[in-house]
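Residue numbers (this note's numbering), protein chains in the order written: chain A, 240 to 495; chain B, 13 to 271.
Heads up: the structure comes next, in structure tokens.
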Ligand code: SF4
Ligand code: SF4
Ligand code: FES
Ligand code: FES
């Protein structure tokens with residue numbers, strides 16, 4: 240990219256009462272990301288443009304927005320990956336209430352987190368109250384711990400985005416948060432009933448949009464949601480298991 | 013309480029610039045053609061075998077007119093007016109396995125039902141039940157179709173073995189290779205299944221305590237990573253295999269004997 244290229248941006252401006260796209264022009268320079276362009280537009284022509292950011296390294300999860308309709312981190316979206324022959328649209332996350340311009344109120348996600356049952360240690364391995372934990376056992380949940388809470392997955396999930404099931408479905412981010420507790424080798428809590436009922440795992444129709452947008456490349460659907468769905472099947476939908484449990488042949492769920 | 017007001021998008025509304033409709037359209041065409049072809053082929057009831065080759069749509073052949081039938085010809089208790097074909101007796105099992113497969117579900121909910129049409133693209137319907145209640149709650153029985161699929165693999169492997177024996181002498185025809193590729197791909201598809209992954213070890217929280225299960229889990233997981241590829245390749249192969257045997261049986265093409 241040469242330094243003389245300029246690009247047009249259509250940035251959503253407004254607040255909860257309404258708004259519209261406003262066009263801005265700015266010069267592009269080498270290695271620029273969308274967040275740089277937004278900062279440059281703030282400096283040159285729109286000092287009152289609201290935008291949230293923090294690390295500019297894809298690690299704080301603050302700069303989530305929809306760039307050309309795709310939920311992305313602005314700081315990790317390189318300008319030379321976008322076509323600049325047409326205006327680049329930047330808009331706030333669709334699924335959460337608007338505060339102003341590119342900033343939305345994502346606090347709903349934190350409220351959902353409070354609804355998930357906390358970590359609760361299982362019986363210790365030894366009488367002195369200590370445990371042994373192997374890397375092999377913790378590997379699976381380490382993938383989920385990479386989450387930076389950017390909520391791009393929550394934004395793109397159609398159950399929230401299009402169907403507004405915010406009161407019945409906790410969304411992919413919170414499902415993998417639940418998975419990280421439920422699959423934890425030292426955890427003894429049972430969250431399956433809650434997953435099935437109030438957290439609405441059945442609403443997920445495994446269309447994998449969450450996995451596609453995750454900047455941490457967490458395989459949300461394959462490694463988190465589907466394994467949880469299978470555990471819910473074990474507990475509530477597998478007719479053979481239900482009969483065996485009723486006959487006492489199989490034990491009720493305990494921490495494995 | 014819903015405390016998050018959302019501005020509803022119209023069907024197809026999006027700011028996406030890419031051709032988001034291409035992938036679902038291709039899936040729609042492939043899955044649609046497969047369903048139409050498989051249904052048509054299942055109702056034919058003839059041209060499904062040639063000598064030692066048997067079409068996978070008709071395997072295992074419980075009753076039927078071919079030498080491959082396990083229990084002889086069509087039983088008399090099936091009334092005349094009931095449409096009969098050996099495929100109709102068994103095809104519900106592999107059909108149900110694919111229909112309830114996690115990968116295909118995600119795929120056809122998008123391509124056939126537009127729920128969503130593509131990621132971050134507006135939907136045609138407001139109402140949504142997901143897989144939480146009837147009818148789609150029955151997708152949760154996927155593992156039972158898996159049990160049948162594993163059972164069927166033995167018959168398909170036996171068909172592959174038979175496909176190398178031409179009048180009691182060993183030989184290799186193009187048909188033998190297609191039938192063998194088919195069982196390998198179907199094996200890959202079946203053993204990469206998400207339910208399989210759960211059942212062999214995914215249900216555990218402490219792998220270190222169960223080393224054998226843990227290794228099985230690792231094997232299935234590595235296949236599972238490419239479950240979508242296994243799904244598509246086996247779909248093409250199973251249909252291709254039936255087409256090949258049908259054309260052979262109709263005399264349209266000849267089987268090329270490699271040796
Ligand atoms: S896979 Fe499930 S959680 Fe992820 S976006 Fe699709 S419906 Fe939402
Ligand atoms: S799972 Fe991925 S997309 Fe979702 S909040 Fe975490 S990092 Fe973001
Ligand atoms: S600014 Fe921290 S993730 Fe983009
Ligand atoms: S998940 Fe695809 S076959 Fe089981």
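Cβ coordinates follow ideal geometry from the N, Cα and C atoms, glycine included.
Rounded to the nearest whole angstrom, the C-alpha separation of residue 131 of chain B and residue 180 of chain B is 55 angstroms. For residue 453 of chain A and residue 416 of chain A, the gap between their C-alpha atoms comes out near 14 angstroms. Taking a beta-carbon distance threshold of 8 angstroms, residue 411 of chain A does not count as an interface residue toward chain B.
For residue 317 of chain A, the beta-bridge partners assigned by DSSP are A:272.
By the Cβ-count criterion, residue 372 of chain A is exposed, with fewer than 16 other Cβ atoms from all chains shown falling within 10 Å of its own Cβ. Spanning the alpha carbons of residue 270 of chain B and residue 187 of chain B requires a straight line of approximately 10 angstroms. In the three-state scheme derived from DSSP, where H, G and I count as helix and E and B as strand, residue 195 of chain B is classed as helix. Ranking A:440, A:488, A:370 and A:449 by CA distance to the CA of residue 218 of chain B puts A:370 first.
Residue 477 of chain A sits in coil when the DSSP states are folded into three classes, being neither helix nor strand. Here DSSP, grouped into helix, strand and coil, assigns residue 251 of chain A to strand. Only buried fits residue 402 of chain A, as 16 or more other CB atoms lie within 10 angstroms of its CB. For residue 263 of chain A, the enclosing beta strand (DSSP E) covers residues 257-266. Residue pairing for residue 330 of chain A: DSSP places it in a beta bridge opposite A:305. For the C-beta of residue 135 of chain B, the chain A residues within less than 7 angstroms are, from N- to C-terminus, 397 and 401. In the DSSP assignment, residue 339 of chain A forms a beta bridge with A:254 and A:342. Note on geometry: alpha-carbon atoms of residue 38 of chain B and residue 124 of chain B lie some 11 angstroms from one another. Distance from the CA of residue 334 of chain A to the CA of residue 143 of chain B, rounded to the nearest whole angstrom, comes to 21 angstroms.
Excluding residues up to 5 positions away in sequence, 445 lie with their Cβ nearer than 7 angstroms to the Cβ of residue 465 of chain A in the same chain. When DSSP states are grouped into helix, strand and coil, residue 182 of chain B belongs to the strand group. CA-CA distance, residue 381 of chain A to residue 295 of chain A, rounds to 24 angstroms. Residue 191 of chain B has its Cβ no nearer than 7 angstroms to any heavy atom of ligand 2. Within the chosen limit of 7 angstroms, ligand 1 does not reach the beta carbon of residue 170 of chain B with any heavy atom. Of all residues in the region 189-212 of chain B, only 206, 207 and 210 come within less than 7 angstroms of chain A when Cβ atoms are compared, listed by chain position.
When C-alpha distances from residue 358 of chain A are compared across A:412, A:478 and A:419, the shortest belongs to A:419.
Chain B has a Cβ within less than 8 angstroms of the Cβ of residue 447 of chain A. Taking CB atoms only, residue 131 of chain B has a neighbour in chain A less than 8 angstroms away. Counting only runs of at least 4 residues, the region 428-479 of chain A fully encloses the following alpha helix (DSSP H) elements, listed from N- to C-terminal order: 431-435, 448-452 and 465-471. Out of B:138, B:259 and B:195, the CA that lies nearest to the CA of residue 163 of chain B is found in B:195. For residue 65 of chain B, the secondary structure class from DSSP, reduced to helix, strand or coil, is strand. A direct Cα-to-Cα measurement between residue 467 of chain A and residue 301 of chain A gives close to 28 angstroms.
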